[in-house]
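S.K.: Taking my numbering, the leading residue of the sequence shown gets 253, the next gets one more, and so forth. Each residue gets a CB set at the ideal place from its N, CA and C atoms; glycine is no exception.
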Amino acid sequence: MTTQDTERFSRFFDEYARAAREADADATVRAYASATIESGASGVVAAQVDEAYREAVAAHSGGLASLGLLDSEAVVEEVAPFAPDHWRVRVRWTMAFEREGRRIESSFEITYLLRDVDGLEIVLYVSHEDQQAVMERDGILPAQPS
């Protein structure tokens with residue numbers, strides 16, 4: 253893997269983070285293959301990336317905005333070949349929110365499987381942490397009763 257390759261993945265995730273920060277559902281959806289799998293603490297979801305998916309992304313983006321999202325940054329920490337035309341990419345996300353007049357940051361890792369045929373596209377991702385629990389811990393979401 254060359255520095256140019258690494259920069260290409262970084263640019264892809266910089267654009268993806270920009271789309272998240274600006275609640276740009278169309279750009280977010282363009283980052284995905286025609287179908288995707290999402291896995292994490294809350295379960296596994298397989299989805300067609302269609303208009304219903306775009307609407308779900310828009311609703312999620314609206315939820316982040318209502319929580320006071322100020323910034324979203326995705327730092328590529330590791331890139332490795334997975335199979336022909338596929339890459340495993342580990343990303344550290346940091347999202348900053350304004351809560352009660354102060355800035356709070358929340359970070360978590362996600363590993364993505366990207367396909368690279370006609371450009372990079374997300375095929376699946378796995379969250380390393382329970383994102384809701386991280387946001388509760390960091391004071392962005394109210395803690396849920398046990």
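Using CA atoms only, rank isn't needed, just tell me which of Ser313, Ala285, Gly295 is closest to Asp302.
M.R.: Ranking Ser313, Ala285, Gly295 by Cα distance to Asp302 puts Ala285 first.
S.K.: Pairs of beta-carbons, one from the segment 327-344 and one from the segment 293-311, closer than 8 Å: are there three or more?
M.R.: These segments do not touch.
S.K.: Buried or exposed: Ala311, going by 16 or more other Cβ atoms within 10 Å of its Cβ?
M.R.: Ala311 should be labelled exposed.
S.K.: Looking at the secondary structure, which residues open and close the alpha helix (DSSP H) in which Gln383 lies?
M.R.: Start and end: 383-389.
S.K.: Let me check understanding here. Comparing Cα to Cα, which of Met387, Gln383, Thr255, Pro397 lies closest to Ser294?
M.R.: The option with the nearest alpha carbon to Ser294 is Gln383.
S.K.: Looking at C-alpha atoms only, which residue of Leu372, Val375, Arg367, Ile356 is the closest neighbour of Val386?
M.R.: Minimum Cα distance to Val386 is reached at Ile356.
S.K.: Counting C-beta neighbours from all protein chains within 10 Å, is the total for Thr254 16 or more, i.e. buried, or is it exposed?
M.R.: Flag for Thr254 reads exposed.
S.K.: Can you list the beta strand (DSSP E) stretches of 3 or more residues lying completely in the segment 317-388, in chain order?
M.R.: For the segment 317-388, whole beta strand (DSSP E) runs of length 3 or above, ordered along the chain, are 321-335, 338-351, 354-368, 372-379.
S.K.: I'd like to confirm the pairing. Which residues does DSSP put opposite Ser291 in its beta bridges?
M.R.: Bridge partners of Ser291: Val296, Val378.
S.K.: If I follow the unbroken alpha helix (DSSP H) through Thr396, where does it start and stop?
M.R.: A quick correction: the sequence has Gln, not Thr, at residue 396. Looking at the DSSP string, Gln396 is not in any alpha helix (DSSP H), and its letter there is neither H nor E.
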